[in-house]
DNA sequence: AACTTATTCTATAGAACTATAGAATAGTCG
DNA sequence: CGACTATTCTATAGTTCTATAGAATAAGTT
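Protein chains in written order, with the numbering used here: chain A, 1 to 207; chain B, 1001 to 1207.
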């Protein structure tokens, strides 16, 4: 086993160092998937020995849990605060979409891992995180339902199906947003919201 | 090593047997992901020894390639034939969405694997399959562009972004469609198409 | 400096997994 | 039936990976 060229300095702040570790894990899990990534891969990103990681987490699965947790962190709170503000159902939906895409800006890897790898979590934490997912679906659904009740949205809309459609659309951004950065997250959010609210068909000469 | 309870009969048709093997692989890869699934898992589904699989494929990666190939098989052809039919741009888009969701009915696992695991393919086959993906995106994009030119769709639409949105929405169905079968694939397709074409907002008193 | 604690390192046990080799069994056909 | 081919099995080499133990080094403190 070879000696590392330069021994990295130990951080004086454990918290900060732990965040660096989890950040590297997020990066690697996002790229190769949980099972496709080895703890060695994470260590390589940090320039550290594989075994050193275990000072910061007790198992690879726990690392995944930390990444996933940060991947949904704040999603629900942000969504709730959007729905509690004043405004039409359309406004709220626009806000929901924007707040849902927002974490892609600074936590893209975490979100990707949450979306694609959460199924590999051990049962208990998977359940816990699954509840958060469903909470978010519910919030979208409720806004749609409210819009239908207020006659702002079409009465023939299936709120559950529409919520899944909108979330599917929004979540798909995580797979390409970093590659094609000619569109900012805000612009994507606005475009998507306009698309589902008014549709793509030209208006004016209808009915 | 224990003896298997009943030795499975050898199929007299190699083709058919190979299809069974790949089917089991699709099922297992869909559930656990490529790296999360072992060849043992596949063998368990078939009630066969792990090593027996290697009579049908030379490596696990090749099995993934076969699954992915069948996961996109016919997508492009079906999409092209839709766009070549007569009809408005809206009709074509509806048709595209329907034909894109159609394989979920009988090949859900293959589609899931194609969508989620193709990134784990070795470089060359990943490229080849990536080209097919891009071809499909292009087809959607072209229909949108044609609709804009014919003034059927709004002029301010970004066709690339809209195509990605619609595909993201459609592809997301693969993650939940088998769990919640209270909606048939056809109904989902129709709902989604209506959603993006006309939007969710109630019409009639506008402009 | 001497001592104490925090962090990383070396080394490795032990498990799991892919893939190969060659034996054994089942099916087919003269 | 006996020979021939197809398919599956047993057994295992060799690799990779997670996680632990204990030594070594860096940082902080008195």
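Positions of the beta carbon are idealized from the N, C-alpha and C atoms, including for glycine.
Q: Determine, using beta carbons only, whether residue 1051(B) and residue 1025(B) come nearer to each other than 8 Å.
A: no
Q: With DSSP collapsed to three states, give me the class of residue 34(A).
A: coil
Q) Listed from N- to C-terminal order along the chain, which residues in the region 1106-1123 of chain B have their beta-carbon within a distance smaller than 9 Å of any beta-carbon of chain A? A) 1116, 1117, 1119 and 1120
Q) Got a sec: is the Cβ-Cβ distance from residue 215(A) to anything in chain B below 8 Å? A) Limits of chain A in this structure are 1 at one end and 207 at the other, which puts residue 215(A) out of reach.
**Q.** Span of the alpha helix (DSSP H) around residue 40(A)
**A.** 39-46
Q.
Excluding the 5 residues flanking residue 1162(B) on each side, which residues of the same chain have their C-beta closer than 6 Å to its C-beta?
A. 1144
Q) Got a sec? Which residues, its chain only, sit under 6 Å from residue 18(A) by beta carbon, not counting five neighbours each side? A) 56
Q.
Quick check on the burial criterion: 16 or more other C-beta atoms within 10 angstroms. Buried or exposed for residue 1116(B)?
A. buried
Q: Only counting runs of 4 or more residues, tell me where the alpha helix (DSSP H) segments fall wholly within the region 1056-1134 of chain B, in order along the chain.
A: 1060-1072, 1075-1084, 1089-1101 and 1104-1117
Q.
Could you check whether the region 1104-1112 of chain B touches the region 1077-1095 of chain B, counting it as contact only if at least three pairs of C-beta atoms, one from each stretch, sit closer than 8 Å?
A. no
Q. Does the beta-carbon of residue 171(A) have 16 or more other beta-carbons within 10 angstroms, so that it is buried, or is it exposed?
A. buried
Q: Give the residues of chain B in contact with residue 90(A), contact being defined as C-beta atoms less than 9 Å apart.
A: 1200 and 1201
Q.
Can you give me the C-alpha to C-alpha distance between residue 119(A) and residue 181(A), rounded to a whole angstrom?
A. 28 Å
Q. Using a Cβ-Cβ distance under 8 Å, would residue 1042(B) count as near chain A?
A. no
Q: Rank 1199(B), 1069(B) and 1102(B) by C-alpha distance to the C-alpha of residue 1213(B) and give the top, closest one.
A: Past the boundaries of the shown model lies residue 1213(B); chain B is included only from 1001 to 1207, so the question cannot be answered.
Q: Report, in whole angstroms, the separation of the C-beta atoms of residue 201(A) and residue 1139(B), which I expect to be a contact under 8 Å.
A: Not a contact, Cβ separation roughly 19 Å.
**Q.** Cβ shell of residue 37(A) (< 6 Å), same chain only, five flanking positions each side left out
**A.** 28 and 29
Q | Below-8 Å beta-carbon distance, residue 1188(B) vs any chain A residue | A | yes
Q: Would you mind working out which of 1136(B), 1203(B), 1022(B) and 1015(B) sits nearest residue 972(B), comparing C-alpha positions?
A: The displayed coordinates of chain B run from 1001 to 1207. Any statement about residue 972(B) would go beyond what the structure contains.
Q. Which of the three DSSP states, helix, strand or coil, is assigned to residue 201(A)?
A. strand
Q. In or out: residue 184(A) buried (at least 16 other Cβ within 10 Å) or exposed?
A. exposed
Q: Would you check if the region 145-156 of chain A and the region 84-98 of chain A touch, i.e. whether three or more CB-CB distances between them fall below 8 Å?
A: yes
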